[in-house]
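K.L.:
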Amino acid sequence: MSTYHPLTVQDAISLVRGIPGHFTPDAQLECKEIGDGNLNLVFHITDRNSDKSIIVKQALPYAKVVGESWPLSLDRARIEREALQVQYRLCPGLAPQVFSYDDDLAITVMEDLSDHTIMRKGLIEGQAYPLFARHIGEFTARTLFYTSDLYLNPQEKKEQVRKFINPDLCKITEDLIFDDPYRFSDNNNYPDYLEDEAKELRENGKLHLEVALLREAFLTRTEALVHGDLHTGSIFVTPESTKVIDPEFAYYGPMGFDLGAIIGNLLLNYASRPGWDAAESEVLGNQERLLRMVSDVWSEFEIRFRKLWDEDARDPLAKAPGYQDAYVAKVLRDACGFAGCKMIRRIVGLSHVADIDTIADVKLREKAQRTALAIGKQLVLFNRTIQSGEDIVRLVKEAE
Ligand code: ADP
Ligand code: MG
Ligand code: MG
Ligand code: MG
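Be aware that the sequence shown starts at 1, since it is given in this note's numbering, and climbs by one per residue.
1. In chain order, what residues of the same chain have a beta carbon less than 6 Å from the beta carbon of T468, not counting five sequence neighbours either side?
2. Less than 7 Å separating the beta-carbons of A95 and A59?
3. Taking the alpha carbon of L74 as the reference point, which residue from E302, V294 and P167 has its own alpha carbon closest?
4. Which same chain residues, not among the five before or five after I79, have their C-beta less than 7 Å away from its C-beta?
5. Inspect the CB distances between the stretch 182-198 and the stretch 345-364 and report whether three or more fall short of 8 Å.
6. Would Q286 pass as a contact of G126 if the rule is Cβ separation under 7 Å?
7. C31 to D11, Cα distance in whole Å?
8. So, at 7 Å on beta carbons, what are the nonlocal neighbours of F382 in its own chain, with the 5 sequence-adjacent residues on each side left out?
9. Could you check what DSSP says for N286 in three-state terms: helix, strand or coil?
10. Looking only at its chain, what residues have a beta carbon closer than 7 Å to the beta carbon of D277, apart from the 5 residues adjacent to it on each side?
11. Reducing DSSP to helix, strand and coil, say where H208 ends up.
12. If S100 sits next to I19, beta carbons under 8 Å apart, how far is it from one beta carbon to the other, in whole angstroms?
13. Which residues does DSSP list as the beta-bridge partners of E30?
14. Which whole-angstrom value is the C-beta distance of V393 and L291, which I expect to be below 8 Å?
15. Just checking P96 against ligand 1 - is the residue's beta carbon closer than 6 Å to any of the ligand's heavy atoms?
16. Let me know the secondary structure DSSP gives I19 once reduced to three states.
17. Let me know the secondary structure DSSP gives I386 once reduced to three states.
18. Mind checking whether the beta-carbon of E33 lies closer than 6 Å to any heavy atom of ligand 6?
19. Any idea if N40 is buried or exposed, counting beta-carbon neighbours within 10 angstroms, 16 or more meaning buried?
20. Please report the distance separating the alpha-carbon of S2 from that of V109.
21. Identify which residue in G122, R76 and V86 has its Cα closest to the Cα of D104.
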């Protein structure tokens, strides 16, 4: 057993030398810390004598952004590692392989995906990912279906729920997504010119009702093992390949939470286009492509999820007339509502997205922020009325 300490690059090199089957004894290992997050270290280790490389991710016991004053449980490293293993078992092409881990050191050693790009960066650059909707539809359908009561027996499932109790990271979501944006909070972070919007978020009772219902779903509904942080910064892509990383927020929650994260982040990029694309035609082209991606993500999920249900459900009542339709409809409404919550918090809450915040022109940035808030509010306010993926697209268009 090793006592926890943050690794140096030398520690990381020694650690991976000891993992059987990777580097040869004569490997000349180089290591760089490449983490861009606030909560973890990420070491990239390469061998000068071969094309082999590996990643070591280590959880820090506090959030870097506010110094050491925001403590976070190291158990989240185990949760992330176990979630990665579940995801890789269910979707081997869509998640990194875990090679080794040390729960005392809060370390996961995994496949290096540096030949991929973080999707948020690619989207900002206007890249198209024609296979993305299919891949993420497969990832969400399989990881959510096979960890739910539709497939597992209720006893087995409760064992799994117990393994993924993740209070510290759930609290981050509860505070930053469902609480702070709707009241005065020191965590909120927005420019003075958005005070009118912030005031409206604090005072809109209809919005508060919908957020309360969505928050209740997040707190109470253990439907399936959700990734919990499935934004476009947690997805590595190439035009041919999609790999989901960083499931440290994983817990048993509502299926719509992951779909909502993807949809909300695609729509944040949608709102940002006037800040990135020179010509009006380019803005419209990219926005149209992003809207199609949103409805494709939903339909690719729905097709696969229904097929898994038809072929593999073990729930004795799975074939009850209308049950599948009712279940899928609920997931869609939740996805719409959570997408909206995630958009709103990325504009007025603590943590923002580069799609919007790195727009150089202040006027265009403000325009993107207001568009994102308008869409976000629309998705939250009307989440319980929608019946199809196309309805999400309609709500987006109505918001403008
Ligand atoms: P955090 O939880 O701190 O956000 P991430 O798991 O998102 O950590 O990793 C932070 C960054 O480290 C990623 O954006 C990516 O650049 C890099 N990274 C993480 N995992 C891998 C990997 N398996 N292969 C290559 N790079 C990775
Ligand atoms: Mg990060
Ligand atoms: Mg991350
Ligand atoms: Mg993370």
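Using N, Cα and C, we set each Cβ at its ideal position, and we do this for glycine too.
P.N.:
Taking the structure as given:
1. Residue numbering for the chain in the displayed model covers 1 to 400; residue 468 lies beyond these limits and cannot be assessed.
2. no
3. P167
4. F164, N166, E248 and A250
5. yes
6. It is worth fixing the name first, because residue 286 is Asn in this sequence and not Gln. Contact flag set, yes.
7. 10 Å
8. L395
9. helix
10. G126, V283 and N286
11. helix
12. 5 Å
13. T46
14. 5 Å
15. yes
16. coil
17. coil
18. As presented, the structure is devoid of ligand 6, carrying ligand 1, ligand 2, ligand 3 and ligand 4 as its sole ligands.
19. buried
20. 16 Å
21. R76
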